[in-house]
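Count the sequence shown with this note's numbering and you get residues 2 to 244, in order.
Just so you know, even glycine gets a beta-carbon here, dropped at the ideal spot from N, CA and C.
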Amino acid sequence: MNLLFVCSRNRLRSPTAEAVFSVYEGLEVLSAGTSVDAENSISAELIDWADIVFAMEAVHRRRLNRQFGSLLRAKRVVVLDIPDNYEYMDARLIRVLKARVQPHLADMIPAMPVDETTLLYRPVGQIELDLIAESGFRAFPPRLEWQPIFYPVLNEEYASFIAREWNTKDAASGFVGYVLRFAVRTSHLAQFEIQKVGGATALEYWIPADRLATFNENIVGLIEVVSRYVGNTQFAGDRKTAS
Numbered sequence: 002m003n004l005l006f007v008c009s010r011n012r013l014r015s016p017t018a019e020a021v022f023s024v025y026e027g028l029e030v031l032s033a034g035t036s037v038d039a040e041n042s043i044s045a046e047l048i049d050w051a052d053i054v055f056a057m058e059a060v061h062r063r064r065l066n067r068q069f070g071s072l073l074r075a076k077r078v079v080v081l082d083i084p085d086n087y088e089y090m091d092a093r094l095i096r097v098l099k100a101r102v103q104p105h106l107a108d109m110i111p112a113m114p115v116d117e118t119t120l121l122y123r124p125v126g127q128i129e130l131d132l133i134a135e136s137g138f139r140a141f142p143p144r145l146e147w148q149p150i151f152y153p154v155l156n157e158e159y160a161s162f163i164a165r166e167w168n169t170k171d172a173a174s175g176f177v178g179y180v181l182r183f184a185v186r187t188s189h190l191a192q193f194e195i196q197k198v199g200g201a202t203a204l205e206y207w208i209p210a211d212r213l214a215t216f217n218e219n220i221v222g223l224i225e226v227v228s229r230y231v232g233n234t235q236f237a238g239d240r241k242t243a244s
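Encoded structure:
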């Protein structure tokens, strides 16, 4: 089977994919870029050669459609949704590539081992909690137009601080704050940088709103309510403690 990986300049992501998947028996792998200054520019010959075209981002598929629309009608084109955040042969990039490509080649590439998960937390108000409950506590709701980023945090202390000090004073949150805990596949999180936004515990991930659906797909198990804050009072299960 012939695989073609496409990014912009064919210098980091697609050459990494070519190196990673060329080792598998039965696969012939090439890579190319859509930019005019790409190391190896995309061509009609490469499109014609490929059985599957893997585009790193939706923008690459759009460029391919504009240039080779007629040729692509008979081709399988897969968008991997991998941003330009990695160096060549970055270990995190390799993990993400394997996780995204394997389901499309399950009969040729062995499944990755059961993935480790990372516990994350999120402070929310009543409205967001109600929407999460509607999903069966399996997913976070889409962001609103004025919410371009989804912010899960890395520890309960920081989440509790936001729930207590912000949500309980916010009318849009119903003057109540909840701390949620959930597990996400570690390999999925590898593509995002940890952001330090304050003190030692103020650590969070910045997930673009248009990638929240994929983030939700990588939640393992249910989203749990760890605690609830009303004013300065914390409710944890049936216990009430001063806070």
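Test item: CB-CB of residue i and residue j under 8 angstroms
i: ARG123; j: ALA191; result: no
i: LEU5; j: VAL60; result: no
i: ASN219; j: ALA140; result: no
i: LEU204; j: TYR152; result: no
i: GLU29; j: ASN3; result: yes
i: VAL78; j: ARG62; result: yes
i: ASP85; j: SER161; result: no
Any chain D beta carbon closer than 8 angstroms to residue i
i: ILE128; result: Absence of chain D from the displayed structure is noted, only one protein chain being present.
N-terminal and C-terminal residue of the alpha helix (DSSP H) that residue i is part of
i: SER188; result: 187-190
i: ALA210; result: First-last for ALA210: undefined, no H or E at that position.
The beta strand (DSSP E) enclosing residue i, as first and last residue numbers
i: TYR230; result: 220-231
i: VAL7; result: 3-8
i: SER71; result: Counting along the chain, SER71 falls outside any beta strand (DSSP E), though it belongs to the alpha helix (DSSP H) covering 59-73.
i: PHE55; result: 53-56
i: LYS197; result: 195-197
i: GLU29; result: 29-34
i: THR202; result: Run containing THR202: none; DSSP gives neither H nor E here.
i: LEU121; result: 118-125
i: ARG77; result: 77-80
Cβ-Cβ separation, residue j to residue i (assumed contact under 8 angstroms), whole Å
i: ILE246; j: ILE133; result: Here the chain has residues from 2 to 244 only, and residue 246 is not among them.
i: ALA33; j: VAL7; result: 6 angstroms
i: THR118; j: VAL226; result: Their Cβ separation, rounded to whole angstroms, is 19 angstroms, which puts THR118 and VAL226 out of contact at 8 angstroms.
i: ALA107; j: GLN148; result: With 8 angstroms as the limit, ALA107 and GLN148 do not qualify as a contact, their Cβ atoms being about 36 angstroms apart.
Residue environment, residue i, which counts as buried when at least 16 other CB atoms sit within 10 Å
i: THR169; result: buried
i: GLY126; result: buried
i: THR35; result: buried
i: LEU98; result: buried
i: SER136; result: exposed
i: MET57; result: buried
i: ALA18; result: buried
i: SER228; result: buried
i: ILE230; result: The amino acid occupying residue 230 in the given sequence is Tyr; Ile does not appear at that position. The residue in question, TYR230, is buried, as its Cβ has 16 or more Cβ neighbours within 10 Å.
i: ARG1; result: Since the first residue shown for the chain is 2 and the last is 244, residue 1 is missing from the structure and cannot be characterised.
i: LEU120; result: exposed
i: ALA100; result: buried
i: SER23; result: exposed
i: GLU40; result: exposed
i: TYR89; result: exposed
Candidates the options, of which the one nearest residue i by Cα
i: ASP52; options: ASP91, THR118, LEU31, ASP131; result: LEU31
i: TYR87; options: GLU158, ASN156, ARG14; result: ARG14
i: PHE176; options: ARG101, ILE163, PHE183; result: ILE163
i: GLU194; options: ILE208, TYR25, MET109; result: ILE208
i: ARG165; options: TYR179, ASN156, ALA172, LEU155; result: TYR179
i: PRO16; options: ASP91, ARG77, VAL37; result: ASP91
i: SER174; options: GLN148, GLU129, SER188, PRO104; result: GLU129
i: LEU145; options: LEU213, LEU47, VAL7; result: LEU213
i: THR215; options: VAL80, GLY27, ARG63, ARG74; result: VAL80
i: LEU72; options: ASN3, ASP49, ALA112, PRO84; result: ASP49
i: VAL154; options: TRP147, PRO142, GLY199, SER188; result: GLY199
i: GLU157; options: ALA75, THR202, ASP131; result: THR202
i: ASN11; options: PHE138, VAL37, ALA112, TYR25; result: VAL37
i: LEU47; options: ASP171, LYS76, SER161; result: LYS76
Heavy atom of the ligand ATP within 7 angstroms of residue i beta-carbon
i: VAL30; result: No copy of the ligand ATP occurs in the structure displayed, which carries no ligand at all.
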